[in-house]
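Here full-length UniProt numbering is used: the first residue of the sequence shown is 1, the next is one more, and so on.
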Amino acid sequence: MAKVNVKCPFCGQTKSVKTHGLGKAKHQRYRCQMRSRTFQLDYSYCACQHGMKEQIVDLAMNNAAIPDTAWALHISIHAVVRMLKNSRHDV
Ligand SMILES: [Zn+2]
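Written out as structure tokens, the structure reads:
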């Protein structure tokens, strides 16, 4: 397993990130040793991009309808509903 200089999106560390194989769409996966979480730098599906959850919650707090949020962010309505349901306390 080779070490690479990739910043972890969860803790911000670069020392603890190692490669972790390839994703389904053949994008490189990385694993943070500090928090034992995996991530990718590129995702095929826009809803998985880092920061998307914050954008959805921000639009929801500004009274944007779920279909409007999905249209603006180029993701599905189901992805918006799923992220709003799962973002109770951690944003
Ligand atoms: Zn980390």
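Ideal Cβ positions, reconstructed from N, Cα and C, are used throughout, including at glycine. Computed from a prediction, not measured in an experiment: that's the story for all the values here.
Residues near residue i by beta carbon distance below 8 Å, same chain, minus five either side
i, result
"Cys32", "Cys8, Phe10, Cys11, Gln13, Ser16, Val17, Thr38, Phe39"
"Ala64", "Ala72"
"Val6", "Thr14, Val17, Tyr30, Leu41"
Beta-carbon proximity list for residue i, same chain, < 7 Å, skipping 5 on both sides
i, result
"Ser87", "Lys53, Val57"
Buried or exposed (CB count within 10 angstroms, at least 16 for buried), residue i
i, result
"Met83", "buried"
"Leu59", "buried"
Whole-angstrom C-beta distance between residue j and residue i, which should lie under 8 Å
i, j, result
"Ala47", "Ile75", "4 Å"
Nonlocal neighbours in the same chain, by C-beta distance under 6 Å from residue i, ignoring five residues either side
i, result
"Asp42", "His27"
"Val80", "Ile56, Ile66, Thr69, Ala70"
"Gly23", "Arg29, Gln40"
(request) Starting from the N-terminal side, write out each stretch of the alpha helix (DSSP H) that is 4 residues or longer and does not extend beyond the stretch 17 to 84. (result) 52 to 61, 66 to 73
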